[in-house]
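Chains as they are written, first to last, in our numbering: chain X, 144 to 591; chain U, 216 to 646. The beta carbon of each residue, even a glycine, is placed where N, CA and C say it ideally should be. On a predicted model such as this, the values are computed, not experimentally measured, just so you know. Accompanying notes for the structure given below.
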Amino acid sequence: MSDRYQNIANSSLGGMVTRRLGLPTPPRLERHKPGRAVVSGPVALGSAHGGRLEGAAREVMRSIGAHVGEGDGEEAYAALVYDATGIGGSARLRALYDFFHPLIRQTPPSGRIVVLASPPDEAGSEPARVAQRAIEGFLRSVGKEVGGKGVTAQLVEVGEGAEGAMESTLRFLLSARSAYVSGQVIRLAAVEPEALSIPADWDAPLDGTVAAVTGAARGIGKSIAETLARDGAKVVAIDIPPAGEALSAVANEIGGAAVQLDITDPSAPDRLAEFVAERHDSLDAIVHNAGITRDKTLGRMSEDQWDQVLGVNLIAPEMITARLLERELIGVGGRVVGVSSVSGIAGNRGQTNYATSKAGVVGLVQSLAAPMAARGATINAVAPGFIETEMTARMPLGTREAGRRTNSLVQGGQPVDVAEAVAWLAAPATGAVNGNVVRVCGQALIGA
Amino acid sequence: MNDSKPRRAAVLGGNRIPFARQNGPYAQASNQDMLTAALDGLVGRFALQGERLGEVAAGAVLKHSHDFNLTRECVLGSALAEQTPAYDVQQACGTGLETTLHVANKIALGQIESGISGGVDTTSDAPIEVGDDLRRLLLDLNAARSATDRLRVLSGLRPGQIVPRIPRNEEPRTGFSMGEHQAISAKKWGIGRREQDEVAVESHMRMAAAYDAGFFDDLVTPYLGLERDQNLRPDSTVEKLSKLKPVFGEGPDATMTAANSTPLSDGASTVLLASDEWAEAHSLPVLAHLVDAETAAVDFVHAEDDLLGAPLYAVPRLLARNGLALEDFDFYEIHEAFASQVVMTLKAWRDPAFCAERLGRDEPLGEIDPLKLNVHGSSLAAGHPFAATGGRIVATLAKLLHEKGSGRGLISICAAGGQGVTAILEKEAEG
Numbered sequence: 144m145s146d147r148y149q150n151i152a153n154s155s156l157g158g159m160v161t162r163r164l165g166l167p168t169p170p171r172l173e174r175h176k177p178g179r180a181v182v183s184g185p186v187a188l189g190s191a192h193g194g195r196l197e198g199a200a201r202e203v204m205r206s207i208g209a210h211v212g213e214g215d216g217e218e219a220y221a222a223l224v225y226d227a228t229g230i231g232g233s234a235r236l237r238a239l240y241d242f243f244h245p246l247i248r249q250t251p252p253s254g255r256i257v258v259l260a261s262p263p264d265e266a267g268s269e270p271a272r273v274a275q276r277a278i279e280g281f282l283r284s285v286g287k288e289v290g291g292k293g294v295t296a297q298l299v300e301v302g303e304g305a306e307g308a309m310e311s312t313l314r315f316l317l318s319a320r321s322a323y324v325s326g327q328v329i330r331l332a333a334v335e336p337e338a339l340s341i342p343a344d345w346d347a348p349l350d351g352t353v354a355a356v357t358g359a360a361r362g363i364g365k366s367i368a369e370t371l372a373r374d375g376a377k378v379v380a381i382d383i384p385p386a387g388e389a390l391s392a393v394a395n396e397i398g399g400a401a402v403q404l405d406i407t408d409p410s411a412p413d414r415l416a417e418f419v420a421e422r423h424d425s426l427d428a429i430v431h432n433a434g435i436t437r438d439k440t441l442g443r444m445s446e447d448q449w450d451q452v453l454g455v456n457l458i459a460p461e462m463i464t465a466r467l468l469e470r471e472l473i474g475v476g477g478r479v480v481g482v483s484s485v486s487g488i489a490g491n492r493g494q495t496n497y498a499t500s501k502a503g504v505v506g507l508v509q510s511l512a513a514p515m516a517a518r519g520a521t522i523n524a525v526a527p528g529f530i531e532t533e534m535t536a537r538m539p540l541g542t543r544e545a546g547r548r549t550n551s552l553v554q555g556g557q558p559v560d561v562a563e564a565v566a567w568l569a570a571p572a573t574g575a576v577n578g579n580v581v582r583v584c585g586q587a588l589i590g591a
Numbered sequence: 216m217n218d219s220k221p222r223r224a225a226v227l228g229g230n231r232i233p234f235a236r237q238n239g240p241y242a243q244a245s246n247q248d249m250l251t252a253a254l255d256g257l258v259g260r261f262a263l264q265g266e267r268l269g270e271v272a273a274g275a276v277l278k279h280s281h282d283f284n285l286t287r288e289c290v291l292g293s294a295l296a297e298q299t300p301a302y303d304v305q306q307a308c309g310t311g312l313e314t315t316l317h318v319a320n321k322i323a324l325g326q327i328e329s330g331i332s333g334g335v336d337t338t339s340d341a342p343i344e345v346g347d348d349l350r351r352l353l354l355d356l357n358a359a360r361s362a363t364d365r366l367r368v369l370s371g372l373r374p375g376q377i378v379p380r381i382p383r384n385e386e387p388r389t390g391f392s393m394g395e396h397q398a399i400s401a402k403k404w405g406i407g408r409r410e411q412d413e414v415a416v417e418s419h420m421r422m423a424a425a426y427d428a429g430f431f432d433d434l435v436t437p438y439l440g441l442e443r444d445q446n447l448r449p450d451s452t453v454e455k456l457s458k459l460k461p462v463f464g465e466g467p468d469a470t471m472t473a474a475n476s477t478p479l480s481d482g483a484s485t486v487l488l489a490s491d492e493w494a495e496a497h498s499l500p501v502l503a504h505l506v507d508a509e510t511a512a513v514d515f516v517h518a519e520d521d522l523l524g525a526p527l528y529a530v531p532r533l534l535a536r537n538g539l540a541l542e543d544f545d546f547y548e549i550h551e552a553f554a555s556q557v558v559m560t561l562k563a564w565r566d567p568a569f570c571a572e573r574l575g576r577d578e579p580l581g582e583i584d585p586l587k588l589n590v591h592g593s594s595l596a597a598g599h600p601f602a603a604t605g606g607r608i609v610a611t612l613a614k615l616l617h618e619k620g621s622g623r624g625l626i627s628i629c630a631a632g633g634q635g636v637t638a639i640l641e642k643e644a645e646g
């Protein structure tokens with residue numbers, strides 16, 4: 144789906160006009176291509192005194208082959224990484240200013256900013272809790288300041304014991320894979336060694352895994368299937384029987400299996416479980432992507448419109464996950480990834496059914512996080528904002544433009560942006576991320 | 216039976232495109248388009264992309280001369296490995312089952328480990344022939360070496376030669392269409408209008424219910440916007456069908472209508488077959504095994520045999536060879552070329568006179584429980600793209616047996632030229 148305004152604003156003549164009018168120029172976002180380096184230039188790595196993550200962060204930088212500088216302003220840094228865990232009180236928040244102030248304006252287009260902190264509720268003292276919580280406000284504002292250049296900013300709260308499990312997440316956040324993710328707070332938790340496996344090849348982080356994707360025939364689901372396959376997964380592509388022709392084409396393109404299944408059918412969980420048991424023994428990941436909208440304001444909404452949306456978007460993922468867990472078809476290292484929505488977080492006029500279902504996905508993630516952790520597995524969700532799909536292309540112009548521009552990156556995301564986030568959460572190396580809902584919304588202004 | 220009997224080929228599944236009526240949604244699709252689509256759907260279902268299979272055997276009854284290597288061309292256009300060999304078979308409406316037997320036999324003999332059988336037909340994109348006179352003239356024109364020669368050849372052209380021959384569903388040795396032949400049989404066997412209409416209605420109702428239950432979710436892949444068989448009429452009733460005018464047979468006692476005869480159709484089907492070892496290595500469950508098969512032919516030209524009566528002879532021979540009685544099956548799939556063909560088959564096997572005189576039996580062959588016959592409908596509902604019907608039936612029966620867990624199924628398919636192809640599938644109880 145093309146963004147005509149972005150094309151005009153980035154042309155020489157059009158750019159002149161839009162700048163004179165004081166209109167924003169949506170930056171061109173770098174996106175991942177197989178084989179490209181995690182970061183395109185040196186990384187400035189800083190640390191507040193007494194921090195516990197600098198060593199681990201340095202180890203990750205070494206693993207990704209990044210040149211690390213001290214942030215002394217001598218070079219232009221492609222990424223700024225700061226370990227803020229040492230900030231034990233509000234007065235010391237000044238360290239953030241001191242590190243970022245001289246560097247932030249030199250950050251190149253599509254640069255990356257990551258602040259590492261402690262989960263506030265785990266910080267050692269009351270002053271530390273205050274300070275660690277304050278960092279979130281700093282980070283979210285930084286994201287809004289740098290978004291115009293396509294730079295993203297995230298806060299990673301690293302729990303006790305998760306120090307050694309940051310690599311998968313840092314690779315995602317520092318690379319072009321996270322092009323449309325900004326202003327997010329991601330929490331890493333301690334993880335048993337068997338629930339986390341480091342890939343032999345970081346370009347194929349899903350190698351040897353089997354991943355099921357619902358709604359895989361088109362749009363975001365198709366992109367998820369393609370991206371998981373690109374990263375090495377054997378994909379079980381699921382969609383409703385009427386979408387079978389497109390589904391089969393997707394499966395054949397990526398070397399996966401096509402499964403025609405209406406996930407709202409009462410027999411669907413058993414049929415999928417049977418398929419998994421027969422063909423693969425177990426699933427390493429399941430992505431509950433299938434979703435529908437039936438928009439109407441509540442007073443005008445039919446029962447069917449309510450039931451259908453809840454059935455596809457929430458009840459089916461609940462039932463299928465429950466059955467797969469019950470039959471032990473998602474084992475140690477298993478990954479469940481839901482697809483929520485910024486609408487589910489913020490609410491949206493005409494979408495009481497949809498927002499209920501998508502907030503329910505957040506509930507599913509939160510309710511299953513502990514039992515999943517007990518199995519050595521994880522459950523997380525992505526929450527897309529405005530993504531350029533056939534669905535958003537059909538929106539009225541005003542609504543569509545508002546959706547595209549009201550975020551820090553001043554543009555809509557691409558289906559692959561959601562897919563990259565899903566692939567990160569589905570990876571065996573991402574075992575420390577559990578119970579998180581990560582927005583893929585370019586730091587949308589709504590629903591913060 | 217001894218230990219040296221050959222291994223049995225396993226049916227692992229199938230895929231077909233929904234069947235369309237003539238000049239319907241597939242009017243612009245060629246045999247190659249449809250068979251490739253059916254193959255690609257099968258490849259997607261079983262994740263066989265880039266896989267080299269032992270062979271693909273398929274065919275079409277109505278075939279253009281340029282489709283001389285139809286199946287191989289479809290393989291080259293599909294997601295299968297280019298190194299998969301393929302060939303065409305043509306045995307009228309028996310083609311789809313006959314290709315299954317070819318592939319299964321090679322697997323049983325150990326010559327190949329896996330293969331796909333299938334068939335396709337289009338009555339919309341049918342080949343048109345020119346008359347022999349014009350064909351001769353065009354060949355001469357092609358051979359002519361000079362402009363003068365070409366002019367001389369063309370001067371022999373007469374307007375009457377330009378009228379093309381459109382293929383008809385007709386027996387070359389009798390000049391009767393298949394429907395006309397079956398109308399003679401229906402009259403001879405005293406088969407009434409109502410019992411034929413009941414067979415048709417039952418077929419539609421059962422197939423519609425199977426679709427609704429999701430039975431075809433892993434047997435059919437939509438194509439060109441068609442999601443279910445176009446001919447399927449879930450609201451069909453005997454009362455409605457009784458109003459239709461007969462289309463075959465003459466006089467007030469003609470009984471065969473457009474509803475109790477299969478329509479001209481377009482479509483394609485495929486079946487995945489393999490050895491048990493190959494199936495296990497690919498983590499694909501075995502739905503059923505092919506036990507045995509028998510093809511018969513009858514003399515409908517000089518003798519009094521029915522054109523579509525060859526299965527009446529094939530099945531008794533098949534049962535005798537396997538030591539089975541007609542009642543020893545859990546499912547029967549009798550291709551509904553015409554409702555009257557099915558009724559005729561059942562009548563013949565329980566008719567003491569026919570069984571004594573024609574089959575040389577002391578007792579009738581037996582009865583078939585109607586609840587076990589074509590349980591999810593058959594060709595009257597689905598339509599009947601000639602060469603595609605066998606694959607539809609094999610995959611359906613194999614899945615029925617797999618769902619039941621164990622049991623035996625019988626397939627009977629009548630074909631033009633007085634032929635009939637029959638086979639037994641079996642699912643062994645596990646453990």
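At a beta-carbon threshold of 9 Å, the residues of chain X lying near Q264(U) are A394, N395, E396, I397, G398 and G399, ordered along the chain.
Under the DSSP assignment, Q411(U) falls in the alpha helix (DSSP H) whose first and last residues are R408 to D427. In this structure, DSSP gives P300(U) a state outside helix and strand, which the three-state scheme calls coil. Taking T499(X) as reference, the option from A512(X), V257(X), V485(X) and S510(X) with the minimal CA-CA separation is V485(X). When the Cα atoms are used, A376(X) and L552(X) turn out to be separated by approximately 30 Å. Taken residue by residue, none of the region 356-388 of chain U has a beta-carbon sitting less than 9 Å from a beta-carbon on chain X. Contact note: F261(U) reaches chain X through A400, using a C-beta cutoff of 8 Å and chain order. At a C-beta separation below 8 Å, E421(X) has these neighbours in chain U: S498, L499 and P500. At a cut-off of 4 residues, the continuous stretches assigned as alpha helix (DSSP H) that sit fully inside the region 582-619 of chain U are 594-597 and 604-619. Approximately 16 Å separates the beta-carbon atoms of E173(X) and A296(X); this is outside 8 Å, ruling out the contact. Ranked by how close their Cα comes to the Cα of G304(X), the residues A360(X), E202(X), G487(X) and E265(X) have E265(X) in first place.
Interface residue (Cβ-Cβ distance to chain X less than 8 Å): E442(U) is classified as such.
Looking only at E641(U), G633(U) and I639(U), the smallest Cα-Cα distance to R388(U) is reached by G633(U). Look at the region 428-439 of chain U: the residues with a C-beta under 7 Å from a C-beta of chain X are G429, D432, D433, T436, P437 and Y438. Taking C-beta atoms as the reference points, A360(X) and D382(X) count as a pair closer than 8 Å.
For the 8 Å CB-CB criterion, V186(X) and M204(X) form a contact. The beta carbon of R373(U) is closer than 6 Å to none in its chain, skipping five residues each way along the sequence.
Assignment of alpha helix (DSSP H) within the region 455-479 of chain X, counting only whole runs of 4 or more residues, yields 459-469 in chain order.
Straight-line spacing of the CA atoms in A518(U) and E344(U) works out to 31 Å. Put simply, the CB of Q554(X) is far from chain U, with every gap to its CB atoms at 8 Å or more. Inter-residue distance for G330(U) and F601(U) is about 21 Å (C-alpha atoms, whole angstroms). Chain-order list of chain U residues neighbouring S425(X): empty, with the shortest C-beta distance near 12 Å, by a criterion of under 8 Å.
The three-state secondary structure of K365(X), taken from DSSP, is helix. Boundaries for C629(U): no alpha helix (DSSP H) harbours it, while the beta strand (DSSP E) harbouring it runs G622 to A630, taken from the DSSP string. DSSP, reduced to helix, strand and coil, places Q237(U) outside both helices and strands of the structure shown, so it counts as coil. The C-beta of A603(U) comes no closer than 8 Å to any C-beta of chain X. A253(U) is a Cβ neighbour of R231(U), given a cutoff of 8 Å. Beta-bridge annotation (DSSP): N384(U) is not paired with any residue. Cβ-Cβ separation between L447(U) and A597(U): approximately 7 Å, consistent with a contact (criterion under 8 Å).
With a cutoff of 8 Å on beta-carbon distance, L298(X) and L282(X) are scored as near each other. Residue-level contact by beta carbon holds for A294(U) and chain X, with a gap shorter than 8 Å. Judged by their CB atoms, P460(X) and G481(X) are nearer to each other than the 8 Å cut-off.
Boundaries of the alpha helix (DSSP H) harbouring R565(U): A554 to R565, taken from the DSSP string.
Neighbours of L404(X) in chain U, taken as residues whose beta carbon is under 9 Å from its own, are G429, D432 and D433 in chain order. Judged by their CB atoms, S332(U) and L488(U) are nearer to each other than the 8 Å cut-off. Runs of alpha helix (DSSP H) with 4 or more residues, each lying fully within the region 282-353 of chain X, are found at 310-317, listed in chain order.
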